[in-house]
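To start, the structure under review is shown below, and the notes come after it.
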Amino acid sequence: MLDQFVHLPFVAFPCLYLIKEAFMPTKADLEGGKGLMQRSSEKYMREARDVNIALWKFWIPATTVGFAFIPTHWRIPYNSALSLAWTIILSSLQARLDDESGGKELD
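Numbering (the numbering used here), first residue to last: -1 to 105.
Right under this line is the structure:
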């Protein structure tokens, strides 16, 4: 639970947004004159609610099922499959949020 409520919202996601902003800036972001840290933190603050709610809806039930019902020898394949599914969900969510914000990537 500490991972879901402390590490991911306050460490992992801000790092994700920083890396994404560094390697995939939008034209509007670059023209705004703001620095990388400011742009990435503002974007995360706008999207944090949606991203973290999706995280909690997916991982809290998934880990509960994993520890309660999945035999120990199947937990690694189970978690690997969940991680693949989460990557797809997060990627789709980020694409939707980018479309809603109207940002266009650089060509």
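All C-beta atoms in this analysis are idealised placements derived from N, C-alpha and C, irrespective of residue type, glycine included.
Residue span of the alpha helix (DSSP H) that contains residue i, given as start and end
i   : result
I86 : R73 to S99
Straight-line Cα distance separating residue j from residue i
i   : j    : result
G31 : T70  : 52 angstroms
L95 : R37  : 15 angstroms
M22 : F67  : 40 angstroms
S78 : T61  : 12 angstroms
S90 : L80  : 15 angstroms
E29 : L0   : 38 angstroms
S39 : F65  : 34 angstroms
R47 : G100 : 18 angstroms
K41 : P59  : 27 angstroms
I87 : K25  : 25 angstroms
L82 : D97  : 23 angstroms
W54 : M35  : 26 angstroms
G33 : F8   : 20 angstroms
Residue i vs residue j beta-carbon contact at 8 angstroms
i   : j   : result
F11 : V49 : yes
Q2  : W84 : no
Report yes or no: do three or more beta-carbon pairs, one from the region 58 to 72 and one from the region 10 to 17, lie closer than 8 angstroms?
no
Length at least 3, wholly inside the region 7 to 71: the beta strand (DSSP E) runs in chain order:
none
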